[in-house]
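Undergrad: Take this structure, written in C-alpha cells, and hold onto it; I'll ask about it next.
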Amino acid sequence: VELLTDNGYILTIGSFGAFGYKVEPKIGLELLPQDENSYQIRTIPIPNHVSPGYELDFQASQTLVEVPAREYFQEHQLESQSIPSAITRVEWHLDLSVDMWFPKAIRKLPQSLIQRTGNGILQQVVRQVSRRLTHKVQEDFHNSNGLPIPKQSQQRQNLR
Numbered sequence: 130v131e132l133l134t135d136n137g138y139i140l141t142i143g144s145f146g147a148f149g150y151k152v153e154p155k156i157g158l159e160l161l162p163q164d165e166n167s168y169q170i171r172t173i174p175i176p177n178h179v180s181p182g183y184e185l186d187f188q189a190s191q192t193l194v195e196v197p198a199r200e201y202f203q204e205h206q207l208e209s210q211s212i213p214s215a216i217t218r219v220e221w222h223l224d225l226s227v228d229m230w231f232p233k234a235i236r237k238l239p240q241s242l243i244q245r246t247g248n249g250i251l252q253q254v255v256r257q258v259s260r261r262l263t264h265k266v267q268e269d270f271h272n273s274n275g276l277p278i279p280k281q282s283q284q285r286q287n288l289r
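Below you can see the structure in the form of C-alpha cells.
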C-alpha cells in the first residue's frame, strides 16, 4: 500500500495470470471520513497510470460492529483465558467491477475455460483487497481511538 493523498492509497493487488498472460493490478482507493462506525471506500484515479488490459471500479463499505465477546467466542467455539467485554467485528459490502481485455490467442480458448479462470483470479483479487483494507481500517480505528492493535489469533493467522 502506497500513500497517494491524505486518505487515498495505491494498492498493488499482486501478480495474477493464466495461460502465459499476467497482470499486476493497481488501484487507487480513497478511504472517506468515518461516519459513525462506517467507512466508505471508492476508486480514485492514479496519476500517470495506464491500466494494461484491465479496468477496476471498487465501491465498498466497512462497518465496525461491537459484539459481546463471550457470545462471539461461544459461537465460534473459541477459548480464551481473558475475554474482554466486547470485540469489534468488521462487516463488508463490496461492489467490484472488473473488465479485462485478453490477447487474441487467449480469446481462442473455450469461453467456459476463460470464465472459470477469470472467476478464480477475481476471487484471489477480492481476498487480497479485503485482507489488506480490513487491516488498514482496523489499524486506523485503533490508532484514532488510542487503542493497542490486538494480536491476531493463531486460528486467523492460519487462514492466511
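Using the numbering used here, read the sequence shown as starting at 130 and increasing by one per residue. Beta carbons are placed, not taken as given, at the ideal position from N, Cα and C, and that holds for glycine. The model shown is predicted, which means the values in this text are computed figures rather than measured ones.
Under DSSP, the alpha helix (DSSP H) around GLN252 begins and ends at which residues?
TA: It spans 240-273 - the alpha helix (DSSP H) in which GLN252 sits, taken as one unbroken run.
Undergrad: Secondary structure at GLU159, three-state DSSP: helix, strand or coil?
TA: Strand at GLU159.
Undergrad: May I ask you to report which of helix, strand or coil DSSP gives VAL219?
TA: It is a strand residue.
Undergrad: Per DSSP, what are the beta-bridge partners of PRO171 in this structure?
TA: For the sequence presented, residue 171 should be read as Arg rather than Pro. Per DSSP, GLU159 and GLN188.
Undergrad: Less than 8 Å between the CB atoms is what I'm expecting for TYR183 and PRO154, so what's the real figure, rounded?
TA: Sure, about 6 Å apart at Cβ, within 8 Å.
Undergrad: Leaving out five residues before and five after PRO224 in sequence, what residues of the same chain have Cβ atoms less than 6 Å from its Cβ?
TA: The sequence given here places Asp at residue 224; Pro does not occur at that position. These residues qualify, in order along the chain: GLN188.
Undergrad: Would you mind giving the Cβ-Cβ distance between ILE170 and LEU262, rounded to the nearest angstrom? I have them listed as a contact below 8 Å.
TA: Yes, ILE170 and LEU262 are in contact; Cβ-Cβ is about 7 Å, under 8 Å.
Undergrad: In the DSSP assignment, find the beta strand (DSSP E) that holds LYS151 and state where it starts and stops.
TA: Counting along the chain, the beta strand (DSSP E) containing LYS151 begins and ends at 150-152.
Undergrad: I believe LYS322 touches VAL130 by the beta-carbon criterion, under 8 Å. Please report the beta-carbon distance rounded to the nearest angstrom.
TA: Summary: the structure shown does not reach residue 322, with the chain confined to residues 130 through 289, and so no result is reported for it.
Undergrad: Locate the beta strand (DSSP E) running through PHE145, then write down its first and last residues.
TA: First-last of the beta strand (DSSP E) with PHE145: 145-147.
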